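To keep things clear, I will list the structure first and then write my remarks on it.
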Amino acid sequence: MQNIDIIAAHYAASARGDLDGMLAPFAPGIRWTEAEGSLYAGTYVGPDAVVANVFAPIGEQFERFDVEIDTTLDAGDRVVALGHYAGKHRGTGRAFRARMVHVWSLADGKVVAFEQVVDNAAINAAVAD
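Taking this note's numbering, the leading residue of the sequence shown gets 2, the next gets one more, and so forth.
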């Protein structure tokens, strides 16, 4: 399986709400970086930290949080995905759509690092009281 296929499988698992499938390609020491200015900004190390600081809060705070991938680029040990987030905040009921880029780094078939770049304005506006 090529790196781009590993990332495609992660996104497919996300679309079907399969957390175990999403985590399957993560290395034990994965470094997951959420963009500055985002709700979950920071770098989290290990799958458990990613779940606790990113995936679980998204599930709690958003009625819907979809990852829509437009383009995936194979760059060898890196995979770059361009797309949008779209969703609806539970508390405010406001919907959003935001442009994003994901940069995945892989080694020996495992994701060792992830970095998110996102236009946070729409997401932050959906959350604001």
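For glycine and all other residues, C-beta sits at the position ideal for the given N, C-alpha and C.
Since this is a predicted model, take the numbers as computed values, not measurements.
- Remark: fewer than three beta-carbon pairs, one from each stretch, lie closer than 8 Å, so the region 24 to 44 and the region 80 to 93 are not flagged as touching.
- For S39, the secondary structure class from DSSP, reduced to helix, strand or coil, is coil.
- Beta-carbon to beta-carbon, F66 and G84 are separated by about 13 Å, too far to satisfy the 8 Å threshold.
- Boundaries of the beta strand (DSSP E) around V80: 79 to 90.
- Put simply, the backbone Cα of N54 is about 25 Å away from that of N4.
- If the five residues before and after S106 are omitted, its C-beta is found closer than 6 Å to the C-beta atoms of R79, V113, A114, all from its own chain and listed in chain order.
- In the three-state reduction of the DSSP assignment, D109 falls in the coil class.
- Closest in alpha carbon position to E35, among H103, N125, A57, T73, is H103.
- Membership of V55 in any alpha helix (DSSP H) is not indicated, and neither H nor E is assigned to it by DSSP.
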